[in-house]
Amino acid sequence: MLNTICENLQGFAKSRPPLVIFMVCLGGFAVVLLTLAYVIKLRENLPNPDLTQDWNTFLDDFDDLNFCILGNSSESDLLLQKTAPRLKHVISDLPDKLTGESKSTTQKPATDNTGEEYMNTSVSMLVHITPTPQFLSMSHNTTYLYATVNGSQMGLSDPAAGLEMNISMVIPFEWNTTQCPSGQCRTVQIYTCITFSAPYAFFPGTRQPGTCRSIKDSDVVEYRSRMIAHPAEGLPSCGYKAKLQLQHHLDPQLTMLLSIEDRSLINLHLMHTSYFLFVMFVTVFCYALIKGKAKGYKVKQPNYSEVRS
């Protein structure tokens with residue numbers, strides 16, 4: 001019987017090679033889908049492919065921008081005040097920070113016809129600033145920086161590409177005097193609070209990073225400077241102007257993952273598909289065992305009639 005099975009399989013392979021290739025593909029696809037189903041079931045940190053942008057990707061796009069500091073463009077930009085905000089970090093405990101609780105305010109829409117996605121909101125977070133030597137050698141101790149970035153610079157698609165985001169940040173200490181003794185500037189790393197103000201449609205609709213806020217102090221004189229955003233890899237460059245770039249470190253807690261329900265549903269669909277492919281594979285294999293024997297072909301001899309003269 002074993003010889004018969006082997007002969008049937010051999011005859012099936014010789015007489016029907018396309019069907020053999022089809023059967024091998026069925027088995028391979030079934031194994032791949034079954035393996036993928038178990039991987040999705042066991043792994044918990046799978047990103048959600050339906051969300052094309054979260055706060056990690058948003059801040060990565062923001063990192064690709066360089067900000068050229070123009071200084072005070074007019075006398076009105078130089079504000080000497082007795083009171084100015086000095087940063088006081090109010091960072092909650094780590095679990096609260098990772099849940100994405102953020103401070104946001106809602107303002108009235110520009111017109112009555114605009115939807116909720118065009119209403120302004122503000123999001124603040126703690127950032128790390130890497131200033132250039134030109135920035136550290138500025139004569140004024142800049143305490144307030146502001147800029148405007150449009151959606152196209154952030155890589156957003158329509159209609160968010162036409163929206164604008166206002167950026168403002170407060171330098172928390174007198175870096176100009178403390179970091180440049182005798183005119184020699186040392187490498188400095190500044191942690192400060194940055195505020196993004198833009199319509200809802202500009203921001204990702206996912207979990208937000210931890211928040212921060214500032215309080216007023218009567219001992220600091222404020223000097224405002226305007227910034228212009230340029231792509232880090234393109235022109236125009238800042239030239240001899242002071243340049244500032246922000247750095248964002250990937251936070252896995254900000255990446256939106258597949259929920260348990262989604263992973264269970266995907267696992268179920270993959271298992272059903274792999275079982276169906278296995279059934280088809282077994283069906284073709286059984287057919288090869290039973291009907292796979294190569295058929296013999298009889299050569300018909302033509303009948304020649306005697307030709308009589």
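Reading the sequence shown from the start, the letters are residues 1 to 309 in UniProt numbering.
Where a beta carbon is used, it is the ideal one built from N, C-alpha and C, also for glycine.
So, residue i versus residue j, is the Cβ gap smaller than 8 Å?
| i | j | result |
| --- | --- | --- |
| Asn-120 | Gln-245 | no |
| Leu-33 | Ile-40 | no |
| Gly-151 | Phe-196 | no |
| Trp-55 | Leu-270 | no |
| Ala-229 | Gln-134 | no |
| Leu-9 | Leu-289 | yes |
| Met-138 | Ile-194 | no |
| Thr-130 | Gln-189 | yes |
| Leu-163 | Ala-198 | yes |
Can you grab the Cα-Cα spacing for the pair residue i / residue j, in whole Å?
| i | j | result |
| --- | --- | --- |
| Tyr-200 | Val-279 | 50 Å |
| Thr-148 | Met-165 | 6 Å |
| Phe-276 | Glu-7 | 28 Å |
| Arg-16 | Val-24 | 13 Å |
| Gly-11 | Thr-206 | 60 Å |
| Asp-60 | His-248 | 7 Å |
| Val-282 | Asp-63 | 54 Å |
| Ser-92 | Gly-28 | Its pLDDT being 33, under 50, Ser-92 is placed unreliably by the model, and nothing is read from it. |
| Asp-262 | Gly-155 | 29 Å |
| Phe-285 | Met-256 | 44 Å |
| Glu-44 | Thr-52 | 19 Å |
| Ala-13 | Leu-19 | 8 Å |
| Asn-3 | Leu-36 | 37 Å |
| Lys-291 | Pro-252 | 56 Å |
| Lys-97 | Gln-208 | In this prediction, Lys-97 scores a pLDDT of 35, lower than 50, which makes its location untrustworthy; the coordinate-derived value is nonetheless stated afterwards. Computed Cα separation, rounded: 9 Å. |
Less than 8 Å between the CB atoms is what I'm expecting for residue i and residue j, so what's the real figure, rounded?
| i | j | result |
| --- | --- | --- |
| Ala-30 | Ser-274 | 5 Å |
| Ser-225 | Ile-69 | 5 Å |
| Tyr-144 | Val-170 | 6 Å |
| Pro-204 | Phe-58 | 5 Å |
Where does the unbroken alpha helix (DSSP H) through residue i begin, and where does it stop?
| i | result |
| --- | --- |
| Ala-288 | 260–291 |
| Lys-241 | Careful: Lys-241 lies outside any alpha helix (DSSP H) and carries neither H nor E. |
| Ala-30 | 17–42 |
| Gln-134 | 133–136 |
Could you tell me the boundaries of the beta strand (DSSP E) in which residue i lies?
| i | result |
| --- | --- |
| Tyr-144 | 144–150 |
Give me whichever residues DSSP pairs with residue i in a beta bridge.
| i | result |
| --- | --- |
| Phe-196 | Val-123, Ile-167 |
| Tyr-191 | His-128 |
| His-230 | Asn-66 |
| Gln-208 | None; Gln-208 has no bridge partner. |
| Gln-247 | His-128 |
| Ser-157 | Paired residue(s): none; Ser-157 is not in a bridge. |
| Pro-47 | Leu-257 |
I want to see whether chain C comes within less than 8 Å of residue i, judged by CB atoms only; does it?
| i | result |
| --- | --- |
| Lys-291 | Checking the listed chains, one finds no chain C in this structure; it contains a single protein chain. |
Does any heavy atom of the ligand MN sit closer than 7 Å to the C-beta of residue i?
| i | result |
| --- | --- |
| Thr-4 | Judged by which ligands are present, the structure shown has none, so any question about the ligand MN falls away. |
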